[in-house]
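Engineer: Attaching a single structure in structure tokens format; questions to follow.
Number of protein chains: 2
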Amino acid sequence: MTHSKLRDVAERSGVSISTASRALNNRADVSPATRARVLRAAEELGYVPSSLAKGLWSGSTKTVGVVVTTISNPFYANVVTGIESVLDREAYNIVLNSSHEDPMRELRAVRLLLEQRVDGIILAPVASEPTAVEYLEKNKVPYVLVGRRARNVEVDHVVCDDYSIGALAAEHLIKRGHKRILFINSSQNYSAQLRQEGFCQTLLEAGIDQGPEWVRPVRIGQRVEEVLGAVLDEGLNPTAIFCFCDQMAIDAMRELKRRGVRIPDDIAVMGVDNLSVGEMLDPPLTTIDVQNSQMGIGSAQILLRKMQQHDGYSEQINLVPRLVERAST
Amino acid sequence: MTHSKLRDVAERSGVSISTASRALNNRADVSPATRARVLRAAEELGYVPSSLAKGLWSGSTKTVGVVVTTISNPFYANVVTGIESVLDREAYNIVLNSSHEDPMRELRAVRLLLEQRVDGIILAPVASEPTAVEYLEKNKVPYVLVGRRARNVEVDHVVCDDYSIGALAAEHLIKRGHKRILFINSSQNYSAQLRQEGFCQTLLEAGIDQGPEWVRPVRIGQRVEEVLGAVLDEGLNPTAIFCFCDQMAIDAMRELKRRGVRIPDDIAVMGVDNLSVGEMLDPPLTTIDVQNSQMGIGSAQILLRKMQQHDGYSEQINLVPRLVERAST
DNA sequence: TATCTTTCCGGGAACGTTACCGGGAAGGTT
DNA sequence: AACCTTCCCGGTAACGTTCCCGGAAAGATA
């Protein structure tokens, strides 16, 4: 149960703790003979150094915290994979937390990560009120936002231009001749608000003035199927549905199919994220590419720089969205 | 940059470090007045206790390591989500590592987790040689295997019966009248071998004696598209393809579509895992349900028990696979 | 008043590791 | 022979926290 420690290695090889430490860390001031003895003793004991003690001493844990809404959404799975691919090379470990779109859980996750003394944090913020971000700011921990923007603009982030996403979607659906377009949005987070602005503004400019009932947020604990079902039951009769992300679009498609609604003949559906599975769906899903995996990679690279050189240099990357037309619209 | 510590809180509230510690941990032997003073000082300083120091003292980090092949595969994303849902309630943190089907990376991941002094490990083993498992065994860390079995049978695990999976698939495809069935398998891991046994044995019993060229492993760094492409180019002419998992089945479908092959008219496709997106594909994917999310939940529950009571009691869960027939076969 | 509880608090050791510093032994230089 | 390097090595403090133990002050009992 209890791991063997440096002192055990030292005793077994007949040297002091300091010497054992130097030998294991390839420091100078150790003769080849004793170094060999120490290494062999460590091997025999199955010695595994404690990152806890190291971290306590050095002030760095070689660990990065990542907070997303849920890893079940392939979008965030890809983001995390991207982050991992960058941090792995630098021997950083990743501590994963999920907020499930709940600001309280987000705050709790950040708090736990700070207790763990992670060297940095990558966060996909859920709250429109930047409480978690403020908390991070106060604690002076290097951090980067990913996928979603925070209201506070000078914060480092890697996102895709949200206003353009909303505008692009509206533009496309208008061009397809739609006049009654439902927007099933995420709730709370600032990116959702920006997409909504871009979406509604573009509709207005095209002379389509829909009431607020045409934008439906999916709140915590709610499922897309419920929200969409309610809309259809109350007879809003949309000809097209724009969803906050592909995952939600897929859920919407499932509900539509269940009800026997034909896509896109009766109702068109589009999403955002360009998940790779989108092209394999029935029908293939029209979406907006947001350079998904680049987000993870980019945010990790920025965080690496911030952790290594502590200049206050700020970096914000706004990726350009691109429409991907397929058969669902 | 540098966090405020317990000593800072103590000084600011005019008490000793011991008293500050007791006050913050709701211990007795602190007067209400001083407790309030300490709490206020901690609040004002934005004090965040260090899990490092706590862990060093207590021997527990309230942290669990999880090693999967890649979180990009929704199967493992669901497993991790299940694990998370259980461990979150007990305030455990999760350290995530990916092996990418590479035994060396798997071993490195386990090693890193041990250095971090995680309280337990959940592993989806990649190697058929149980080196990582042996390493875990030697270090006496509580651990559970998930999703894949190890050759060593007395190890705790939560898996779906692999032999049955292979048999079920073969049975189904035979019933559909197929005689030339390609198996695109994973490589190395023991579960893959068991599925292959079940698959081939069932074919043999049905009088179908295919050569070894009908089972194709996808090796590290290889893509399903390449392997399948090579098979088709060499003119093996299968009428059905059974894939190790849905993710691979989707990749296979993509390649088939790219080549203009009709599914299932020219070639039928089936997978394993019953990912939720399967029913939305074109065509909907025949698959085998393996109680995906139950795996994560179950493994986390077992691990929790092992971490809390250190009896050597061993637990192995073999879930029952279930065929899900859809239009792709 | 003397003794005994009770209540509250502080000192110190320990968890496992690393860096700093000082010192002994061996060998080379004047 | 005296001194100076060079090469190795060990002791010690420190990282931030918790628990154990001892002790002071105040109140209760004789």
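Chains as they are written, first to last, in our numbering: chain A, 20 to 348; chain B, 20 to 348.
Here a beta-carbon is modelled for each residue, glycine too, at the ideal position from N, C-alpha and C.
1. Name the residue from A:41, A:130, A:149, A:124 whose alpha carbon lies nearest to the alpha carbon of residue 239 of chain A.
2. Which bits of chain A does residue 299 of chain B rub up against, with CB to CB less than 7 Å?
3. Since I believe residue 149 of chain A is in contact with residue 116 of chain A (beta carbons under 8 Å), could you give me their beta-carbon distance rounded to a whole number of angstroms?
4. Can you pull the chain A neighbours of residue 70 of chain B, defined as C-beta to C-beta under 8 Å?
5. Residue 157 of chain B touches chain A at which residues, Cβ-Cβ below 8 Å?
6. What residues from chain A crowd round residue 99 of chain B, counting only those whose CB sits closer than 8 Å?
7. Spell out the partners DSSP gives residue 179 of chain B in its beta bridges.
8. Chain B partners of residue 75 of chain A, CB-CB under 7 Å?
9. Classify residue 332 of chain A as helix, strand or coil using the three-state DSSP reduction.
10. Could you name the residues of chain A that residue 52 of chain B contacts, counting a contact when the two beta carbons are closer than 8 Å?
11. Could you tell me which of A:146, A:176, A:109, A:141 sits nearest to residue 122 of chain A, measuring between CA atoms?
12. Count the other C-beta atoms from every protein chain shown that fall within 10 angstroms of the C-beta of residue 215 of chain A, then say buried if there are 16 or more, exposed otherwise.
13. In the DSSP assignment, find the unbroken beta strand (DSSP E) run with residue 82 of chain A in it and report its ends.
14. Could you spell out the range, first to last residue, of the alpha helix (DSSP H) harbouring residue 236 of chain A?
15. Could you give the distance in angstroms between the alpha-carbon of residue 229 of chain A and the alpha-carbon of residue 312 of chain A?
16. Name the chain B residues that come within less than 7 Å of residue 112 of chain A, Cβ to Cβ?
17. With distances taken Cα to Cα, identify the nearest neighbour of residue 322 of chain A among A:190, A:109, A:249.
18. Interface residues of chain B around residue 103 of chain A at Cβ under 7 Å?
19. Looking at the structure shown, is residue 28 of chain B part of a helix, part of a strand, or coil, going by DSSP?
20. Could you check whether the Cβ of residue 357 of chain B sits closer than 8 Å to any Cβ belonging to chain A?
21. Tell me the DSSP secondary structure of residue 260 of chain B in three-state form.
22. Which residues in chain B sit within 9 Å of residue 283 of chain A, going by Cβ to Cβ distance?
23. May I ask you to report which of helix, strand or coil DSSP gives residue 348 of chain B?
24. Mind checking which residues open and close the beta strand (DSSP E) that includes residue 206 of chain B?
25. Tell me the start and end of each unbroken alpha helix (DSSP H) in the region 127-206 of chain A that is at least 4 residues and wholly inside, in chain order.
26. Going by DSSP, name the residue or residues bridged to residue 287 of chain A.
27. In whole angstroms, what is the alpha-carbon distance linking residue 158 of chain B and residue 21 of chain A?
28. With the cut-off set at 8 Å, would you say residue 204 of chain A and residue 167 of chain A are in Cβ contact?
29. Within 10 angstroms of its Cβ, does residue 201 of chain B collect 16 or more other Cβ (buried), or is it exposed?
30. Go ahead and pull the three-state DSSP assignment for residue 295 of chain A.
31. I need the boundaries of the alpha helix (DSSP H) containing residue 228 of chain B, first residue and last residue.
32. Applying a beta-carbon distance threshold of less than 8 Å, which residues of chain B neighbour residue 29 of chain A?
33. So, at 6 Å on beta carbons, what are the nonlocal neighbours of residue 2 of chain A in its own chain, with the 5 sequence-adjacent residues on each side left out?
34. List the endpoints of the continuous beta strand (DSSP E) containing residue 308 of chain B.
35. Under 8 Å, CB to CB, which of the residues in the region 306-329 of chain A have a partner in chain B?
36. Can you list the residues of chain A that residue 57 of chain B reaches, using a CB-CB cut of under 8 Å?
Structural biologist: Taking the coordinates as given:
1. As a working mapping, residue 239 of chain A is identified with position 220 in the first sequence. For residue 239 of chain A, the nearest C-alpha among the options comes from A:124.
2. Residue mapping note: residue 299 of chain B aligns to position 280 of the second sequence, counting from 1. Under the 7 Å cutoff, chain A gives 269, 272, 273, 300, 301.
3. Locating residue 116 of chain A in the first sequence gives position 97, counting from the first residue. Locating residue 149 of chain A in the first sequence gives position 130, counting from the first residue. Actually they are not in contact, since the Cβ atoms of residue 116 of chain A and residue 149 of chain A sit about 18 Å apart, beyond 8 Å.
4. In the second sequence, the residue the question calls residue 70 of chain B occupies position 51. Neighbours of residue 70 of chain B on chain A, chain order: 134, 135, 136.
5. As a position in the second sequence, residue 157 of chain B is number 138, starting the count at 1. Neighbours of residue 157 of chain B on chain A, chain order: 65.
6. For the purposes of this step, residue 99 of chain B is taken as the residue at position 80 of the second sequence. Ordered by position in chain A, the residues that pass the 8 Å Cβ test against residue 99 of chain B are 90, 115.
7. As a first step, residue 179 of chain B is located in the second sequence; it is residue number 160 there, counting from the start. Looking at the DSSP assignment, residue 179 of chain B forms a beta bridge with B:338.
8. For this step, residue 75 of chain A is matched to residue 56 along the first sequence. The answer, in chain order, is 71, 72, 75.
9. Residue 332 of chain A sits at position 313 when you count from the first residue of the first sequence. Here residue 332 of chain A sits in coil by DSSP.
10. Residue numbering aside, residue 52 of chain B sits at position 33 when the second sequence is read from its first letter. Those do not exist, as residue 52 of chain B stays about 27 Å from chain A at its closest Cβ, beyond 8 Å.
11. Within the first sequence, the letter at position 103 stands for residue 122 of chain A. Closest by alpha carbon: A:146.
12. As a first step, residue 215 of chain A is located in the first sequence; it is residue number 196 there, counting from the start. Result: buried.
13. Within the first sequence, residue 82 of chain A is the residue found at index 63, counting from 1. Counting along the chain, the beta strand (DSSP E) containing residue 82 of chain A begins and ends at 82-87.
14. Locating residue 236 of chain A in the first sequence gives position 217, counting from the first residue. Residue 236 of chain A -> not in any alpha helix (DSSP H); beta strand (DSSP E) instead, spanning 234-236.
15. Against the first sequence, residue 229 of chain A aligns to sequence position 210. Against the first sequence, residue 312 of chain A aligns to sequence position 293. Taking the straight line joining both Cα atoms gives about 34 Å.
16. For the purposes of this step, residue 112 of chain A is taken as residue 93 along the first sequence, with counting starting at 1. Those within 7 Å of residue 112 of chain A in chain B are 114, 131, 135.
17. As a position in the first sequence, residue 322 of chain A is number 303, starting the count at 1. Checking every option, the nearest Cα to that of residue 322 of chain A belongs to A:109.
18. The residue labelled residue 103 of chain A in the question sits at position 84 within the first sequence. 117, listed in chain order.
19. Here residue 28 of chain B refers to the residue found at position 9 of the second sequence. If DSSP states are grouped into helix, strand and coil, residue 28 of chain B belongs with the helices.
20. Residue 357 of chain B falls outside the range modelled here, since chain B spans only 20 to 348, and no answer is possible.
21. Locating residue 260 of chain B in the second sequence gives position 241, counting from the first residue. Residue 260 of chain B falls in the strand class under three-state DSSP.
22. Stepping through the first sequence from its first residue, residue 283 of chain A is reached at position 264. Chain B residues near residue 283 of chain A: none, gap ~14 Å exceeds 9 Å.
23. Here residue 348 of chain B refers to the residue found at position 329 of the second sequence. In the structure shown, residue 348 of chain B sits in coil (DSSP, three-state: anything other than H, G, I, E or B).
24. Your numbering for residue 206 of chain B matches position 187 in the second sequence. Premise fails: residue 206 of chain B is in no beta strand (DSSP E) and is neither H nor E.
25. 150-157, 181-194
26. In the first sequence, residue 287 of chain A corresponds to position 268, counting from 1. Partner(s): A:259.
27. Sequence index remark: in the second sequence, residue 158 of chain B carries index 139 (1-based). Sequence index remark: in the first sequence, residue 21 of chain A carries index 2 (1-based). Whole-angstrom Cα-Cα distance: 9 Å.
28. Looking up residue 204 of chain A in the first sequence gives position 185. Looking up residue 167 of chain A in the first sequence gives position 148. Their beta carbons are not under 8 Å apart, which means residue 204 of chain A does not touch residue 167 of chain A by this criterion.
29. Taking the second sequence and counting its residues from 1, one reaches residue 201 of chain B at position 182. It counts as buried.
30. The residue you call residue 295 of chain A lines up with position 276 of the first sequence. Here residue 295 of chain A sits in helix by DSSP.
31. Here residue 228 of chain B refers to the residue found at position 209 of the second sequence. Per DSSP, residue 228 of chain B belongs to no alpha helix (DSSP H) and is neither H nor E.
32. For the purposes of this step, residue 29 of chain A is identified with residue 10 of the first sequence, where counting begins at 1. Ordered by position in chain B, no residue passes the 8 Å Cβ test against residue 29 of chain A, which lies about 19 Å from the chain.
33. Coverage of chain A is limited to positions 20 through 348, which leaves residue 2 of chain A absent and any answer about it impossible.
34. To locate residue 308 of chain B, count along the second sequence from 1; it is residue 289. 306-308 is the span of the beta strand (DSSP E), which, as asked, contains residue 308 of chain B.
35. 329
36. As a working note, residue 57 of chain B is residue 38 in the second sequence. Within 8 Å Cβ-Cβ: nothing; residue 57 of chain B doesn't reach chain A, min ~18 Å.
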